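A.B. asks:
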Amino acid sequence: MTKKPFWETKRLEEMTTEEWESLCDGCGRCCIYILHNEETGDVFETDVGCKLFDAKKRRCTDYQNRSKRVPDCVQLTPQNVRSLTWLPKSCAYRRLAKGEGLAEWHPLVSGDRQSVVDAGIAVSPHLVSEDEIDDELLESRITRER
Ligand code: SF4
Ligand code: SF4
Numbered sequence: 005m006t007k008k009p010f011w012e013t014k015r016l017e018e019m020t021t022e023e024w025e026s027l028c029d030g031c032g033r034c035c036i037y038i039l040h041n042e043e044t045g046d047v048f049e050t051d052v053g054c055k056l057f058d059a060k061k062r063r064c065t066d067y068q069n070r071s072k073r074v075p076d077c078v079q080l081t082p083q084n085v086r087s088l089t090w091l092p093k094s095c096a097y098r099r100l101a102k103g104e105g106l107a108e109w110h111p112l113v114s115g116d117r118q119s120v121v122d123a124g125i126a127v128s129p130h131l132v133s134e135d136e137i138d139d140e141l142l143e144s145r146i147t148r149e150r
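Using my numbering, the letters of the sequence shown correspond one by one to residues 5 to 150.
1. Helix or strand or just coil, what does DSSP make of Arg-148?
2. How far does the alpha helix (DSSP H) with Tyr-97 in it reach, from first residue to last?
3. Which word fits Ser-144, buried or exposed, when buried means at least 16 other C-beta atoms lie within 10 angstroms of its C-beta?
4. Would you identify the three-state DSSP class for Arg-63, choosing helix, strand or coil?
5. If contact is defined by three or more beta carbon pairs under 8 Å, each pair taking one atom from either stretch, is the segment 52-67 in contact with the segment 27-39?
6. Please identify the residue among Phe-10, Asp-138 and Glu-104 whose C-alpha is closest to the C-alpha of Glu-22.
7. Comparing alpha-carbon positions, which option in Glu-134, Trp-24 and Asp-29 lies nearest Asp-122?
8. Following the continuous alpha helix (DSSP H) through Asp-122, name the residue where it begins and the one where it ends.
9. How long is the line joining the alpha carbons of Lys-151 and Thr-6, rounded to whole angstroms?
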């Protein structure tokens with residue numbers, strides 16, 4: 005008999021910090037600028053990334069100090085993932101909070117970080133940094149609806 009993985013047996017609140025952090029699939033889609041249409045509620049992704057985001061490696065370059073350096077960087081918690089409706093539907097935290105389980109392309113399931121890219125979930129490695137673009141131009145940088 006094989007032991008079930010922690011994400012199938014524990015509630016989000018019961019996970020260790022290490023388990024919690026490992027749930028992130030590394031898609032990078034919470035590190036890009038998104039635009040909300042306040043009338044329709046629609047959310048659009050852009051190809052503009054946070055100044056701390058390394059798009060090639062799909063990693064925050066200063067994860068430990070991210071809240072200090074980027075005050076509007078939202079730290080996910082078991083409490084807030086249920087209400088952050090702008091998170092992509094593919095986000096592992098959102099999926100688990102909704103009882104959907106992890107997708108087959110999730111690195112914890114596939115054993116391969118590249119599977120997020122192959123499944124078309126990860127952000128482009130060619131993002132523009134927020135430092136390189138005016139806020140007024142964000143609308144022209146929309147790539148897809150979320
Ligand atoms: S959207 Fe979710 S899974 Fe993707 S990088 Fe952000 S926290 Fe991780
Ligand atoms: S500070 Fe880091 S974790 Fe937060 S949005 Fe920017 S790159 Fe992502």
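Built from N, CA and C at the ideal position, the CB exists for glycine as well.
Treat the numbers as computed from the prediction; the structure is a model and nothing was measured.
C.D. replies: A quick look at the data gives this:
1. As a first step, residue 148 must be located in the sequence shown, where it is residue number 144. If DSSP states are grouped into helix, strand and coil, Arg-148 belongs with the strands.
2. For the purposes of this step, residue 97 is identified with residue 93 of the sequence shown, where counting begins at 1. It spans 96-101 - the alpha helix (DSSP H) in which Tyr-97 sits, taken as one unbroken run.
3. Within the sequence shown, the letter at position 140 stands for residue 144. Flag for Ser-144 reads exposed.
4. Counting from one through the sequence shown, the residue named residue 63 turns up at place 59. Three-state result, Arg-63: strand.
5. yes
6. Here residue 22 refers to the residue found at position 18 when the sequence shown is read from its first residue. Residue Phe-10 is the option with its Cα nearest to Glu-22.
7. Residue 122 sits at position 118 when you count from the first residue of the sequence shown. Nearest of Glu-134, Trp-24 and Asp-29 to Asp-122, Cα basis: Asp-29.
8. Residue mapping note: residue 122 aligns to position 118 of the sequence shown, counting from 1. Per DSSP, Asp-122 belongs to the alpha helix (DSSP H) from 119-122.
9. With the chain covering only 5 through 150, there is no way to say anything about residue 151.
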